[in-house]
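Chains as they are written, first to last, in our numbering: chain C, 152 to 436; chain A, 9 to 388. Glycine is no exception: its CB is placed at the ideal position from the N, C-alpha and C atoms. No experiment lies behind these values; they were computed from the predicted model shown.
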């Protein structure tokens, strides 16, 4: 059956909105990705943003810059994911792999897929699963050398130069959000290890060459909300690349922020809330 | 040298060579040589580490019973207990060290210990325990009998601490329903006691010199009773754990236990753990006054079977994904819940156990004070 005028209009609007989102995402994503938050980067003035942005990415970018003006202990980084908007494209997963130079077997933000219902009422559910950055993280107290810790802004971080790779924290995470870096390379077994396997990473605002015997090889790794980007005034890679505009990020302590608004919705839920880990990733549906 | 030693030494030497190859491979290829992944981050080495360290504690029980509680009948096995404790502790700790992603930072366990971590605290307990064992060796060598009761008592306190602590190492992980159990430390203590006593009994049966006299019979009878008692306690605790979990009807809990009982490695529970580790030794030790062959066979069965029991705690706990659909969300060989040890893991495991046994045999053959007094005379 041919689509009606109203259906065609809806489709056009949807397509236009999607193109708009994609254009904004590409613009934000091209802001020097993975630049370390060193003094030189901070000194570069960021583009001025409109006071009342109509685009959520622009709004979140402004809120992020506002949050960075506050002392670190007054910030509380959080993420919201609108499951009704997630289309399961895994762009966030791939952006994360590219941004953090993740080797084979290491993933920070997989998208879990589920089929719900039975024919004829069948649907697909996509649940991106970053680190929950728990307020009560079970992974922290088990670390025998205090290499994993909660930062004042709520990010659960790993000190790659202290981690001994015992992987106790991997077993303790109830969300399976930690992966171990066993030192693999995508071009392993080919005549030459390719540059994409040895490129520099900027996690935790520290530039590291990937080389045998050097951290993070042998360490445990996890999502850190792209804190190196955030501290340089940029949104996490998964947020700027989300085609469906399903991922939101900001300072939940900022009561004017979008993330604060989303986290307060009655339909919001958190994974395995019954464990009392107090995740800072809110799922909106 | 005993005929048993002559027979075992070449075999163990081959095992050590295999282990050297495995260790070389581990360092040459890093962790890439291991079949582990991020959803099964601990494998056979961790299972063996908790087992061997537990065996060390169980064997030490004999030294404690003799030196501190004054059970004279255990004088001869008590001589073997200290070296057994030392070599099994060393073997276990060597395995867990090799399992670290950053072996070069192992010293950090001492320099920046977090005592909120069971693992962090345990490292210190193991270290102090190792020092106590060395001190006992020195006391035995010098004949300082007055110091032995206190050393054995302090060692026993440490044994109970780390024996239960190993259970706590897993028990505190609330994320794993199959591990998160308050009874786990008790289960670890009982299996450690059974396996440790069994290993001392095996050494007693294998390395005995001269005719078996009344004192030997008394020692064997006590070891037999100890093994049976510890195994009995272990069965009760194991049954409590399994039955409560299965009756809970909570899918995450039931699933892991169902995996133990009926999963792809069902034989590990029914054949190795239950058949070899419990039923066979109980049948062999049911009658009193076991001979060397019966005692040795029963002890071997316990030592092998309960090693399987430890693997059955570590691996099924990790085989259930934290979230349904997680292993399928990002496909990679290291992001799967399937695990079978790789060749490096096997080589190292065989090598470490062989090296521990080799050191023990060489010690009892060539270090006179480690042999019971009566056997020293026979050897001369």
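- Taking the beta carbon of residue 50 of chain A as reference, the chain C residues within 7 Å of it are 318, 322, listed in sequence order.
- Counting every other CB atom within 10 Å of its CB across the protein chains shown gives residue 272 of chain C a total below 16, marking it as exposed.
- Taking 9 Å as the cut-off between beta carbons, the residues of the segment 170 to 199 of chain A near chain C are 177, 178, 180, 181, 182, 183, 184, 187, in sequence order.
- By the beta-carbon neighbour count (other beta carbons within 10 angstroms, threshold 16), residue 238 of chain C is exposed.
- Residue-level contact check: residue 296 of chain C touches chain A, since one or more beta carbons of chain A fall below 8 Å from its beta carbon.
- Counting C-beta atoms within 10 angstroms of its own C-beta, residue 272 of chain A has fewer than 16 neighbours from the protein chains shown and is therefore classed as exposed.
- In this structure, residue 296 of chain C lies away from residue 323 of chain C, with their beta-carbon atoms at least 8 Å apart.
- Of all residues in the segment 28 to 62 of chain A, the ones placed with a Cβ closer than 8 Å to any Cβ belonging to chain C are 38, 39, 40, 42, 44, 45, 46, 47, 49, 50, in chain order.
- In the structure shown, residue 74 of chain A falls within a helical segment according to DSSP collapsed to helix, strand and coil.
- Close partners of residue 432 of chain C in chain A (Cβ separation under 8 Å) are lacking, with about 13 Å as the shortest Cβ gap.
- Under the Cβ criterion of 8 Å, residue 329 of chain A is counted among the residues facing chain C.
- The DSSP-derived three-state label of residue 50 of chain A is coil.
- With respect to the 8 Å criterion, residue 338 of chain C and residue 345 of chain C are classified as neighbours on the basis of their beta carbons.
- Between the C-alpha atoms of residue 33 of chain A and residue 105 of chain A there is a straight-line separation of about 15 Å.
- Here the alpha carbons of residue 88 of chain A and residue 373 of chain A stand approximately 11 Å from one another.
- Interface residue (Cβ-Cβ distance to chain C less than 8 Å): residue 120 of chain A is classified as such.
- Contact annotation: in the segment 333 to 366 of chain A, residues whose CB is within less than 8 Å of a CB in chain C are 333, 334, 336, 337, 338, 340, 341, 342, 343.
- A direct Cα-Cα distance of roughly 22 Å separates residue 153 of chain A from residue 66 of chain A.
- Under the three-pair Cβ rule at 8 Å, the segment 236 to 249 of chain A does not count as touching the segment 336 to 356 of chain A.
- Annotation: the continuous alpha helix (DSSP H) that includes residue 90 of chain A extends over 83 to 107.
- Put simply, the CB of residue 263 of chain A is far from chain C, with every gap to its CB atoms at 8 Å or more.
- Your pair residue 434 of chain C and residue 232 of chain C checks out as a contact, with CB atoms roughly 5 Å apart and the cut at 8 Å.
- Between the alpha carbons of residue 354 of chain A and residue 397 of chain C lies a gap of roughly 47 Å.
- With contacts defined by Cβ atoms closer than 8 Å, residue 250 of chain C and residue 374 of chain C do not form a contacting pair.
- The criterion of a C-beta distance shorter than 8 Å is not satisfied by residue 299 of chain A and residue 214 of chain A.
- Taking C-alpha positions only, residue 319 of chain A is separated from residue 358 of chain A by approximately 15 Å.
- Comparing alpha carbon positions, the residue from A/54, A/236, A/188 closest to residue 102 of chain A is A/54.
- Here the alpha carbon of residue 429 of chain C sits roughly 23 Å from the alpha carbon of residue 264 of chain C.
- Within chain A, 337, 338 have C-beta atoms less than 9 Å from the C-beta of residue 244 of chain C, given in sequence order.
- Residue environment for residue 96 of chain A: buried (at least 16 other C-beta atoms within 10 angstroms of its C-beta).
- The straight-line gap separating the alpha-carbon atoms of residue 284 of chain C and residue 333 of chain A is approximately 21 Å.
- In the three-state reduction of the DSSP assignment, residue 279 of chain C falls in the strand class, which pools E and B.
- Residues of the segment 240 to 274 of chain A with a C-beta less than 9 Å from any C-beta of chain C: none at all.
- Here residue 331 of chain A really is in contact with residue 327 of chain C; their C-beta atoms are around 6 Å apart, less than 8 Å.
- Per the coordinates, the alpha-carbon of residue 378 of chain A lies some 55 Å from the alpha-carbon of residue 306 of chain C.
- With contact defined as three or more Cβ pairs closer than 8 Å, the segment 218 to 227 of chain A and the segment 188 to 200 of chain A are not in contact.
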